[in-house]
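**Student:** Its first residue numbered 1, the sequence shown is counted upward by one per residue in full-length UniProt numbering.
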Amino acid sequence: MTANIFQPECTTPPEGTNFVKAPLLRSTLSILWSSLLTIFLCTWSVQHLAIPARPRGSKLNRMWTSFWRKFKWMGFNLLAPEFMVGKALGEFVAAHVSFRCENMAHHGRLSGTGWTRAHAFYANMGGFILDGEPAQPDSYPAQPGLNPAPAPFRSMRKKHMWMAQDEWDDVEEYYQEVVKASGATDETILLEAAIHFPVAINSAHLCLLLETGAITELPGVTADDINDMSKEDFVIKLVVLGQVLWLVIELVVRKIKGLHTTQLEITALAFAACTFITYLLWLEKPKDATRQTPIHAARELTLNERISMIHHVGESFIDVGLFGTTNVKPGPVVRNDRYTEEGGFGWIWSRPLYAEDLGFALGGIVFGAIHCIAWNFAFPTDLERLLWRISSVITAAAIPALYAGQFILSSTAGITGQHQNTAYIAFAWSICFIYISIRLFLIAEVFHSLFYSPPDTFQATWSTSIPHVA
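1. Among residues of its own chain, excluding the 5 on either side of K70, which ones have a beta-carbon nearer than 8 angstroms to its beta-carbon?
2. Here's a check: name, in chain order, each residue in its chain whose Cβ is nearer than 8 angstroms to the Cβ of C372, leaving out the five neighbours to either side.
3. Am I right that L32 and L264 are in contact with their C-beta atoms under 8 angstroms? What's the rounded C-beta distance?
4. Spell out the partners DSSP gives D131 in its beta bridges.
5. Under 8 angstroms between the Cβ atoms of L251 and T261?
6. Considering only the alpha carbon of each residue, which of I466, P14 and T12 lies closest to G242?
7. Please classify E342 as buried or exposed, where buried requires at least 16 neighbouring CB atoms within 10 angstroms.
8. I'd like the list of long-range same chain contacts for R54, defined as Cβ closer than 7 angstroms, with 5 residues on each side in sequence excluded.
9. Counting Cβ pairs, one atom from each stretch, are 3 or more of them under 8 angstroms apart for the stretch 435 to 454 and the stretch 229 to 240?
10. Buried or exposed for S203, going by 16 or more other Cβ atoms inside 10 Å?
11. Mapping DSSP to helix, strand and coil, what is S316?
12. Using the beta-carbon count (16 or more within 10 Å), is V20 buried or exposed?
13. By how many angstroms is the C-alpha of D131 removed from the C-alpha of H96?
14. Could you spell out where the beta strand (DSSP E) holding A200 opens and where it closes?
15. Please classify F345: does DSSP put it in a helix, a strand, or coil?
16. Does DSSP classify Y354 as helix, strand or coil?
17. Measure the beta-carbon distance from V93 to L362 and round it to whole angstroms, keeping in mind my assumption that it falls under 8 angstroms.
18. Look at the Cβ atom of V221, then the Cβ atom of T290, and state whether they are nearer than 8 angstroms.
19. Excluding the 5 residues flanking L386 on each side, which residues of the same chain have their C-beta closer than 7 angstroms to its C-beta?
20. Would you list the residues sitting across from Q459 in a DSSP beta bridge?
21. Once you ignore the five residues that flank L281 on each side, which residues in its own chain have a CB closer than 7 angstroms to its CB?
22. By DSSP, does R100 sit in helix, in strand, or in coil?
23. Skipping 5 residues on each side, what residues in its chain have a beta carbon closer than 8 angstroms to that of A400?
24. Using the beta-carbon count (16 or more within 10 Å), is S58 buried or exposed?
25. Report all residues from its chain with a CB closer than 7 angstroms to the CB of A214; omit the five preceding and five following residues, and keep chain order.
26. Determine, using beta carbons only, whether S111 and L209 come nearer to each other than 8 angstroms.
27. CB-CB under 8 angstroms to L269, same chain, minus the five flanking residues each way: which ones, in chain order?
28. Among A118, N124, R100 and W462, which residue has its Cα nearest to the Cα of L259?
29. What whole-angstrom Cβ distance do Q406 and Y424 have, given they're in contact under 8 angstroms?
30. By the 10 Å Cβ neighbour count, where 16 or more other Cβ atoms means buried, how is Y452 classified, buried or exposed?
31. Identify, in the order they occur along the chain, each residue of the same chain with its Cβ nearer than 7 angstroms to the Cβ of F121, setting aside the five sequence neighbours on each side.
32. Whose CA, out of L29, I39 and M74, lies closest to the CA of V244?
33. In the DSSP assignment, find the alpha helix (DSSP H) that holds I466 and state where it starts and stops.
34. With distances taken from CA atoms, which of N336, A272, L79 and C101 is nearest S35?
35. Relative to the C-alpha of N336, which residue among H107, A200 and I195 is closest?
36. Rounding to the nearest angstrom, what Cα-Cα distance links P134 and P198 in this structure?
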């Protein structure tokens with residue numbers, strides 16, 4: 001197939017010309033590069049990842065490790081930007097809840113550093129690390145009323161996901177109720193609770209350990225200290241926001257003038273909308289911080305405190321969403337795909353509901369709804385237009401449908417325990433397969449349709465005079 005290429009020709013301005021305006025045309029490549037750059041800036045700069053493990057090896061190896069970590073999450077963000085919105089909403093809610101906690105505010109005043117949302121964000125990204133020697137399993141202080149009974153704690157948490165229950169005020173009551181569903185020996189329970197120090201502790205852990213006296217004071221880290229740790233580049237953020245603002249103006253002007261817009265530009269707008277929401281929620285979160293602040297325990301942690309720490313680690317939304325399981329053991333760093341315990345809203349039909357869940361659904365609806373703007377755009381074929389419409393609607397509805405399926409399964413009589421978990425996993429993977437398929441179609445279609453755009457797609461407007469990167 002021979003490509004039809006149009007090369008515009010402009011005359012050279014006469015002698016004495018002081019100012020030359022841009023031609024009222026835009027090229028295929030200018031549309032391509034400006035849209036791709038907007039998407040890249042949105043998916044790369046929006047990342048506010050947890051503090052990573054200290055890289056080892058040569059300087060080149062450390063640089064590669066850092067780059068690959070961000071590149072991996074940029075790829076994930078390209079495929080599912082709504083998950084970054086959910087992560088940001090969950091962390092914001094958790095930080096706000098911790099900021100409003102009277103116990104944390106009280107200890108913040110005592111320490112002279114205060115307790116702000118920036119502190120909570122820093123804690124929940126692994127900024128505070130509990131440094132100390134772990135007690136041996138047989139030396140844990142006895143816990144009255146504790147009745148250990150034969151499976152590792154992680155296995156019990158797997159079963160716990162589908163257990164009908166309410167929130168418990170006492171971790172021992174939680175522990176005993178879960179044990180009834182699986183049973184465990186005294187030895188395996190103690191080994192599972194033997195947390196290996198140092199461990200990163202989140203804001204929920206801090207509140208717990210301050211209440212029990214395992215920690216007597218907050219570390220001397222001020223909000224200014226946390227801001228100094230942040231590697232936020234405001235010039236880059238300004239460029240991103242400027243590029244997004246220009247894109248919005250460009251699309252609005254083209255709509256007013258009745259000029260065609262490409263599907264690629266609409267996709268860039270969808271990424272920009274998710275990025276804008278995420279930026280707002282993470283205004284107070286440090287970016288690319290790499291330094292952890294040690295905290296020393298005042299005494300050995302009791303078994304009850306260790307089990308409670310495991311309970312408040314926060315589940316992985318990827319493991320829970322696709323496998324119905326979770327790794328709940330605390331470690332020296334915080335995973336980037338976890339729920340925040342303080343972002344929980346309680347239980348609905350025997351299933352925990354987190355702020356992250358609402359954010360995932362919100363992000364998916366926004367992302368899919370913006371793709372619906374191209375509902376009546378020009379497409380190479382009628383079939384592609386139909387597939388675009390179907391894909392846009394599924395993008396908006398996939399995550400709400402996933403959670404609706406969870407709630408229905410958890411409340412359906414006759415389906416319980418492992419059968420319920422198996423049914424949910426099959427349903428979740430089906431949704432995941434459909435979602436990935438339609439996202440790959442949308443990605444392919446934005447490039448394919450670009451080369452079949454109507455002629456007035458390439459007519460420029462006055463918005464090209466606004467400074468932007470293209």
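The beta-carbon is built from N, C-alpha and C at its ideal position, and this holds for glycine as well. Quick caveat: nothing in here was measured; it's all calculated off a predicted structure.
**Tutor:** According to the structure data:
1. Reading the sequence shown from its first residue, position 70 is the one you call residue 70. Taking C-beta separations shorter than 8 angstroms and ignoring five residues to either side along the sequence, the partners of K70 in its chain run W44, Q47 and L49, following chain order.
2. Looking up residue 372 in the sequence shown gives position 372. Excluding residues within five positions, the ones whose Cβ falls inside 8 angstroms are R389, S392, V393 and A396.
3. The count along the sequence shown starts at 1 and reaches residue 32 at position 32. The count along the sequence shown starts at 1 and reaches residue 264 at position 264. Cβ-Cβ separation between L32 and L264: approximately 7 angstroms, consistent with a contact (criterion under 8 angstroms).
4. Position 131 of the sequence shown, counted from the start, is the residue given in the question as residue 131. H296.
5. For the purposes of this step, residue 251 is taken as residue 251 along the sequence shown, with counting starting at 1. For the purposes of this step, residue 261 is taken as residue 261 along the sequence shown, with counting starting at 1. A contact, by the Cβ cut-off of 8 angstroms.
6. Position 242 of the sequence shown holds residue 242. The shortest CA-to-CA distance from G242 to any of I466, P14 and T12 is the one to I466.
7. Indexing the sequence shown from 1 puts residue 342 at position 342. Buried, since its Cβ has 16 or more Cβ neighbours within 10 Å.
8. For the purposes of this step, residue 54 is identified with residue 54 of the sequence shown, where counting begins at 1. Excluding residues within five positions, none has a Cβ falling inside 7 angstroms.
9. At 8 angstroms Cβ cutoff, the stretches do not touch.
10. Here residue 203 is taken as the residue at index 203 of the sequence shown, counted from 1. Buried: at least 16 other Cβ atoms inside 10 Å.
11. In the sequence shown, counting from the first residue as 1, residue 316 sits at position 316. In the structure shown, S316 adopts extended strand secondary structure according to DSSP, grouped into three states.
12. Translated into the one-based positions of the sequence shown, residue 20 becomes position 20. The residue is exposed, with fewer than 16 neighbouring Cβ atoms inside 10 Å.
13. Your numbering for residue 96 matches position 96 in the sequence shown. Your numbering for residue 131 matches position 131 in the sequence shown. H96 and D131 have their C-alpha atoms some 26 angstroms from each other.
14. As a first step, residue 200 must be located in the sequence shown, where it is residue number 200. Here the beta strand (DSSP E) through A200 covers V199 to I201.
15. What you label residue 345 is simply residue 345 of the sequence shown in a count that begins at 1. F345 falls in the strand class under three-state DSSP.
16. As a first step, residue 354 must be located in the sequence shown, where it is residue number 354. Here Y354 sits in strand by DSSP.
17. The count along the sequence shown starts at 1 and reaches residue 93 at position 93. The count along the sequence shown starts at 1 and reaches residue 362 at position 362. That pair is no contact at about 12 angstroms.
18. To locate residue 221, count along the sequence shown from 1; it is residue 221. To locate residue 290, count along the sequence shown from 1; it is residue 290. For V221 and T290, no; Cβs fall outside 8 angstroms.
19. The residue labelled residue 386 in the question sits at position 386 within the sequence shown. Counting only Cβ-Cβ distances below 7 angstroms, and skipping sequence neighbours, we find nothing.
20. As a first step, residue 459 is located in the sequence shown; it is residue number 459 there, counting from the start. Paired residues: L25.
21. As a first step, residue 281 is located in the sequence shown; it is residue number 281 there, counting from the start. In chain order, A88, L89 and F92 place their CB closer than 7 angstroms to the CB of L281, counting only its own chain and leaving out the 5 sequence neighbours on each side.
22. The residue labelled residue 100 in the question sits at position 100 within the sequence shown. Reduced to three states, the DSSP call for R100 is helix.
23. Within the sequence shown, the letter at position 400 stands for residue 400. One detail in the question is off: residue 400 reads as Pro in this sequence, not Ala. Taken in chain order, the residues that qualify are A361, G364 and I365.
24. Position 58 of the sequence shown holds residue 58. S58 counts as exposed, since fewer than 16 other C-beta atoms from the protein chains shown sit within 10 angstroms of its C-beta.
25. Sequence index remark: in the sequence shown, residue 214 carries index 214 (1-based). In chain order, A297, A298, R299, L301 and E305 place their CB closer than 7 angstroms to the CB of A214, counting only its own chain and leaving out the 5 sequence neighbours on each side.
26. As a working mapping, residue 111 is identified with position 111 in the sequence shown. As a working mapping, residue 209 is identified with position 209 in the sequence shown. Between S111 and L209, the gap from beta carbon to beta carbon reaches 8 angstroms or more.
27. Residue numbering aside, residue 269 sits at position 269 when the sequence shown is read from its first letter. The beta carbon of L269 sits closer than 8 angstroms to the beta carbons of L247, V248, L251, I370 and I373 from its chain, once the five residues preceding and following it are set aside; these are given in chain order.
28. For this step, residue 259 is matched to residue 259 along the sequence shown. Nearest of A118, N124, R100 and W462 to L259, Cα basis: W462.
29. If you number the sequence shown from 1, residue 406 lands on position 406. If you number the sequence shown from 1, residue 424 lands on position 424. Contact holds; Cβ gap of about 6 angstroms.
30. Along the sequence shown, read from residue 1 onward, the residue named residue 452 stands at position 452. So Y452 ends up on the exposed side.
31. Counting from one through the sequence shown, the residue named residue 121 turns up at place 121. Non-local beta-carbon contacts of F121 in its own chain, meaning distances under 7 angstroms to residues more than five positions away in sequence, involve E91, A95, E284, K285 and P286 in chain order.
32. On the sequence shown, position 244 is the one that residue 244 refers to. Closest option to V244, Cα to Cα, is I39.
33. Within the sequence shown, numbered from 1, the residue matching residue 466 stands at position 466. Per DSSP, I466 lies in no alpha helix (DSSP H) segment and is marked neither H nor E.
34. Position 35 of the sequence shown, counted from the start, is the residue given in the question as residue 35. Selection N336, A272, L79 and C101 evaluated against S35 yields A272 as nearest (Cα-Cα).
35. Residue mapping note: residue 336 aligns to position 336 of the sequence shown, counting from 1. Among H107, A200 and I195, the Cα nearest to that of N336 belongs to A200.
36. Start at 1 with the first residue of the sequence shown, and residue 134 comes out as number 134. Start at 1 with the first residue of the sequence shown, and residue 198 comes out as number 198. Residue confidence for P134 is low, a pLDDT of 43 falling below 50, so the modelled location carries little weight and cannot support an answer.
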